[in-house]
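Step one of this worksheet: look at the structure below.
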Amino acid sequence: MELRDRVVSAYHDGEGTYVELAERFKIGEATVKRWVWRKARTGTLKPAAMGGSRGSVFDDAGLAFIADVLEAVPDSTCRELVSAYEEEFGVTVGLSTMNDRVRTMGYTRKRGPSGRQLRSGPTSSSAAPPSKRNSRT
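In structure tokens form, the structure reads like this:
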């Protein structure tokens with residue numbers, strides 16, 4: 000916060016332009032602009048709160064449920080776990096969120112039918128057939 004105060008004060012005292020202050024304080028020009036704008040609009044230089052949830056969507060009962068499902072049906076996909084979790088708790092959970100949680104719990108999952116398939120055949124552009132040339136005879 001101290002740096003923000005010094006930069007904005009310097010700007011208001013006419014000690015330089017955005018570019019000059021950015022070079023002087025070794026920060027980006029856009030940062031100087033944002034800080035000056037924030038002070039003018041909100042009256043504070045305190046950073047805005049970050050969006051999104053900062054807690055886990057899984058409580059102890061939810062984690063126990065996931066572990067129970069994985070013990071009962073070890074080959075469950077994360078997509079199936081998401082559906083079961085939403086049905087049990089009425090909470091929407093993203094597929095990547097479930098995948099991350101399952102991984103941190105020490106389980107591994109198969110990709111399922113929607114997973115990436117291995118390619119068969121050539122994968123480089125050098126294997127493409129040569130293009131036809133327009134030739135005049």
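For the sequence shown, position 105 (counting from the first letter as 1) is numbered 104 according to numbering that gives the first Met the number 0, and the numbering increases by one without interruption.
Here a beta-carbon is modelled for each residue, glycine too, at the ideal position from N, C-alpha and C.
Predicted model only: the values in this text are computed from it and were never measured.
Are the Cβ atoms of residue i and residue j separated by less than 7 angstroms?
{"i": "residue 20", "j": "residue 35", "result": "no"}
{"i": "residue 81", "j": "residue 56", "result": "no"}
{"i": "residue 10", "j": "residue 28", "result": "no"}
{"i": "residue 68", "j": "residue 83", "result": "yes"}
Let me check understanding here. Comparing Cα to Cα, which of the options lies closest to residue i?
{"i": "residue 70", "options": "99, 104, 86, 91", "result": "104"}
{"i": "residue 77", "options": "90, 39, 102, 61", "result": "102"}
{"i": "residue 43", "options": "0, 84, 13", "result": "0"}
{"i": "residue 65", "options": "31, 98, 30, 2", "result": "98"}
{"i": "residue 73", "options": "106, 87, 61, 30", "result": "106"}
Could you spell out where the alpha helix (DSSP H) holding residue i opens and where it closes?
{"i": "residue 8", "result": "1-11"}
{"i": "residue 35", "result": "28-41"}
{"i": "residue 44", "result": "Looking at the DSSP string, residue 44 is not in any alpha helix (DSSP H), and its letter there is neither H nor E."}
{"i": "residue 64", "result": "59-71"}
Please classify residue i: is it buried, with 16 or more other beta-carbons within 10 angstroms of its beta-carbon, or exposed?
{"i": "residue 100", "result": "buried"}
{"i": "residue 95", "result": "exposed"}
{"i": "residue 89", "result": "exposed"}
{"i": "residue 75", "result": "buried"}
{"i": "residue 115", "result": "Model confidence at residue 115 stands at a pLDDT of 40, short of 50, so the residue's coordinates are unreliable and nothing is read from them."}
{"i": "residue 40", "result": "exposed"}
{"i": "residue 3", "result": "buried"}
{"i": "residue 8", "result": "exposed"}
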